[in-house]
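Going down the list, the sequences are from chains A and B.
According to our numbering, the first sequence is numbered sequentially starting from 79.
According to our numbering, the second sequence is numbered sequentially starting from 79.
Glycine included, C-beta positions come from ideal geometry on N, C-alpha and C.
All values reported here derive from a predicted model rather than from experimental measurement.
Since the structure comes first, as structure tokens, the remarks are kept for the end.
Protein chains: 2
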Amino acid sequence: MTFHGRSLIGFSHGSESTGTFQAMNPATGQALDGTFHTASAAEVRRAAELAREAAAVLAGTSPSERAAFLRAVADELESARPDIVARMPLETALPEGRANGELGRTIGQLRMFADLVEEGSWVDARLESAQPDRAPVPKPDLRYMRIALGPVAVFGASNFPLAFSVAGGDTASAFAAGCPVVAVSHFAHPGISEIVGSAIQRAVKASGLPEGTFSLLQGTGEDVGIPLVDHPAIKAVGFTGSRFGGLAIAERAAARKEPIPVFAEMSSINPIVIRPHALKTRRDPLVAGLAGSVSLGVGQFCTNPGLVLLPAGEDAEAFIQDFAAAMDDSKGGTALHAGITKAYNEATQARASHANVETLASTANDTGSNRVNPWVFRTTAAALLADESLTGEAFGPSTTIVTYDGDAELTRVIASLEGQLTMTIQADPADHPMDAGVVRAMQERCGRLIVNGFPTGVEVCSAMVHGGPFPATTDARSTSVGTAAIERFSRPFCFQDVPQDLLPEALRDGNPLGIWRLVDGERTKEA
Amino acid sequence: MTFHGRSLIGFSHGSESTGTFQAMNPATGQALDGTFHTASAAEVRRAAELAREAAAVLAGTSPSERAAFLRAVADELESARPDIVARMPLETALPEGRANGELGRTIGQLRMFADLVEEGSWVDARLESAQPDRAPVPKPDLRYMRIALGPVAVFGASNFPLAFSVAGGDTASAFAAGCPVVAVSHFAHPGISEIVGSAIQRAVKASGLPEGTFSLLQGTGEDVGIPLVDHPAIKAVGFTGSRFGGLAIAERAAARKEPIPVFAEMSSINPIVIRPHALKTRRDPLVAGLAGSVSLGVGQFCTNPGLVLLPAGEDAEAFIQDFAAAMDDSKGGTALHAGITKAYNEATQARASHANVETLASTANDTGSNRVNPWVFRTTAAALLADESLTGEAFGPSTTIVTYDGDAELTRVIASLEGQLTMTIQADPADHPMDAGVVRAMQERCGRLIVNGFPTGVEVCSAMVHGGPFPATTDARSTSVGTAAIERFSRPFCFQDVPQDLLPEALRDGNPLGIWRLVDGERTKEA
């Protein structure tokens, strides 16, 4: 596998260079083969302008054309599996099994959106019949559906080099909605990005779509991503990453002459509340489950549980002792890149040196290139309520256990938390009498509520919400996982008295697509 | 009718005062009875905090409880009809017929949302069954629905003192979604606001809902509205008004520690394209229809057509001559308040003095308190393309006619326009061969496309979109009119393995509400 290292601008490769960089193997600290070229300002512009030119064509594709394109991307990725699986462990230190699994999920997402688009009812078609004789004014013929928002900038995420990067969830849902995509590679995995981007490029060509359907820009978010967000052709942004990065993009997007929506998934500590009876009766499985969830993927998941709330008492002490013992060396690993290593080490050192925090477990003496080791801290609800820095994210295999005194204090802690992707409650039937209040407070602050499970493991399906109130995301009205993600890159549109031949098929008389529609208030698949 | 002039803070009246003001009769320039008190900072905080306390209760109301509340608000407004209809002409210079009609629409909107909520399927319920034996990992039980976003700040609009103010579309859709509302009165109609706000207050009490369900703040957007937007309890904002006002709110909301969505409907000139055959064959009805649409409600509708594009030639000249003649004195009237009069006069004077603009009709010599007179301008597509100021809004009974040379120039003009609420095309079957391209370009830039109609007159129904790309609104992914408006104040939420007794009824086994749900990918009303 050799890399040309250039951005993919429609059907061409970039030819200019404003700087070069190499991917680093996080496990060795050594540069990998392949010299990558930061896209020039002209290349960024060209990618955005090609996307603008392609937008109307892509928006006007039929459901079957769009589904075929999504499946073509999936097939091209399957063909590229050997190259992807060979490169991914080098650029990310993630094992081959993870590469294969994440590629499977990525391909699955594309096929899921193909099925969704082909079925067609996602457009939420609504028809209201004309009443030409109505007094005092006639009622026009009104037809409503969701249409594409326009070109989307998608930022690759370091922790999901496939499922949330160049051909990841945002790209799949944008294509499904009929939007062109300009992807920004993550500097930590430019080689994977080139392989995946080339696969998409081949699928665009084979599907007969305009070249502006897809471009891939190499370079950093600062050098390439921000100028892309500034370009007037871009109509929305998808991002998964740090709070710092997400907020920088959101501020820039809001400052444009035409502000645009930003879907940034940023920061979440995914609190877990363990209720008294569950804590007493299920200690062993809870210890094992929590240790697995905290350390899964070297703790580098957005849904990693960074806060565990226990009712103070002897059951809590026993749980804490067992959990600290379980978080041994085997729970650490190699971080995705040096930036994560540095941020994790700084966050855990700060927590460890906090006056009101006790360090229960740490193997920080195990050093090595980008080695991140488990850290377990404990503190009290009172300390947490007094210092919000204790609810900050330490992205890696770390968690903070907090003991609370009574349900009133628990409710205060929950009410003090920022928005989260998930909140979890571990409770037995005997714990239930008070749960409704806690559940309601938790629901206000997250996008997904889990009972008797763990937050890691995000099912890709119609009923998933991977989103939540700020700062979990910049826009709680959306999800980045599951079929509902198609809504973020679409908008409602109304056709008033538009003749049949100018209407999209989804809205024509006779319901030629056979989709579910709301016709004069009745939901039906009939003509 | 006497006014206490105080803000309504939950079930109480405000008692502090940081300043007083009176409503002005725009037709006379005289102050009306009633002294109104600008809400104090403490009253703003109290209203927001009451809303926060009420949020979980309101979000947890059953569909029938919420529908009953919306109907109670409608009934209280109906009871207040004599007071509203007596006061509205004084504060707005709008005729009694309009007051009665707009009140009917406002009551109708509330009842429409009651029906929507009672039917219940708007929550978009999705269920995915658990697969405990799935390998490599079990699939959890996942249930998705839309839930309330939290307390909403609603700004009253001067041009819809009922339908887009204290009990208007945003309030109705926020209540329907389960969100408390803190309304900000418009300084031009504080009396109407007090009458309407008191009606809502009575309905909240009678419905047994917490007092924080609704508050009304008296004062200006600057004094009262901005501090309200800053309050952390507020989770979304609805606004209809000027571009200046909407942008000020959007910037403030984006600068909060927790940014929140702003749905500001701001600025639109609602272009109308008349195609050659239609121009030739339907001159008289087009002249009459356009004159009616431009001057309806003294031109003070968001969907007022401020730009008319005609193919240059003798048919255009004949149309222009007839249209200028039709726009006589009878098309003017009294503006809603002095701010609109001033802005309209400045905008029309600037347009009239533009080097490339010809004034076709004006009766500017007819002066009087807040008198706004019709202005008709003409220019060319080339001039428009050279100076974007010619596409600015002049809010009142004015329009600019633009002649274009050929379809390529028309397409360039459309591509140069900012986002709009509506675009309209007047075309006969003989005009159609080129329409698809024009239609596509128009669709990219608006929220509603109208064929052979006029943009004024916004049907309140399931298929309406009153929204569009910036600067028509700050968020094209939404509508402020019609049942789909409920989506703006809700967000998706996922319940994972949550026991039946903690689930909302909409998601329980057996489908107790009998709503449409997506169950394992199949849309069904079955249990």
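CB contact below 8 Å: residue i versus chain A
i, result
"Pro349 of chain B", "no"
"Pro590 of chain B", "no"
"Leu128 of chain B", "no"
"Val517 of chain B", "yes"
"Phe147 of chain B", "no"
"Val215 of chain B", "yes"
"Glu206 of chain B", "yes"
"Arg353 of chain B", "no"
"Pro239 of chain B", "no"
"Arg526 of chain B", "yes"
"Ile225 of chain B", "yes"
Helix, strand or coil at residue i according to DSSP, with G and I counted as helix
i, result
"Met223 of chain A", "strand"
"Gln399 of chain B", "helix"
"Asn609 of chain A", "This structure does not reach residue 609 of chain A, given that chain A is present from 79 up to 605, and the question cannot be answered."
"Phe567 of chain B", "helix"
"Glu600 of chain B", "strand"
"Leu205 of chain B", "strand"
"Ile593 of chain B", "coil"
"Met190 of chain B", "helix"
"Ala109 of chain A", "strand"
"Pro389 of chain A", "strand"
"Gly299 of chain B", "helix"
"Gly370 of chain A", "helix"
"Gln521 of chain B", "helix"
"Val536 of chain B", "coil"
"His91 of chain B", "strand"
"Ser85 of chain B", "coil"
"Val543 of chain A", "coil"
"Gly316 of chain B", "strand"
"Arg144 of chain B", "helix"
From the options, residue whose alpha carbon lies closest to that of residue i
i, options, result
"Asp111 of chain A", "A:Gly83, A:Phe473, A:Ser90", "A:Gly83"
"Asp193 of chain B", "B:Gln279, B:Lys217, B:Ala250, B:Asn237", "B:Ala250"
"Phe242 of chain A", "A:Ala109, A:Ala145, A:Phe379, A:Ala486", "A:Phe379"
"Thr478 of chain A", "A:Leu86, A:Glu143, A:Ile347", "A:Ile347"
"Gly588 of chain B", "B:Leu205, B:Val232, B:Val376", "B:Leu205"
"Ala416 of chain B", "B:His115, B:Glu169, B:Asp406, B:Glu154", "B:Glu169"
"Ala563 of chain B", "B:Thr437, B:Met542, B:Ala421", "B:Met542"
"Ala132 of chain B", "B:Asn237, B:Asn178, B:Val282", "B:Val282"
"Ala109 of chain A", "A:Pro239, A:Gln100, A:Ala117, A:Val151", "A:Gln100"
"Phe317 of chain B", "B:Ala255, B:Pro268, B:Val244", "B:Val244"
"Gly411 of chain B", "B:Ala433, B:Gly377, B:Ala461", "B:Gly377"
"Gln497 of chain A", "A:Gly484, A:Gly546, A:Gln578, A:Val538", "One detail in the question is off: residue 497 of chain A reads as Gly in this sequence, not Gln. Selected option, being the one with the closest Cα: A:Gly546."
"Arg569 of chain B", "B:Met223, B:Ser263, B:Ala505", "B:Met223"
is_contact[residue i, chain B] using C-beta, thresh 8 Å
i, result
"Cys572 of chain A", "yes"
"Lys283 of chain A", "no"
"Asn530 of chain A", "yes"
"Ile312 of chain A", "no"
"Phe99 of chain A", "no"
"Glu537 of chain A", "yes"
"Leu306 of chain A", "no"
"Gly138 of chain A", "yes"
"Glu522 of chain A", "yes"
"Ile593 of chain A", "no"
"Glu180 of chain A", "no"
"Ala514 of chain A", "yes"
"Arg555 of chain A", "yes"
Whole-angstrom C-beta distance between residue j and residue i, which should lie under 8 Å
i, j, result
"Ala608 of chain A", "Leu357 of chain A", "Past the edges of chain A, shown from 79 to 605, lies residue 608 of chain A, and the structure says nothing about it."
"Ile352 of chain A", "Leu388 of chain A", "5 Å"
Residue i at chain E interface by Cβ criterion, 8 Å
i, result
"Met542 of chain A", "In the displayed structure, chain E is absent; the protein chains listed are A and B."
- alpha helix (DSSP H) runs contained entirely in the segment 402 to 489 of chain A, provided each spans 4 or more residues: 416 to 430, 459 to 464
- Which runs of the beta strand (DSSP E) fall wholly inside the segment 217 to 261 of chain B and span at least 3 residues, in chain order? 220 to 226, 230 to 233
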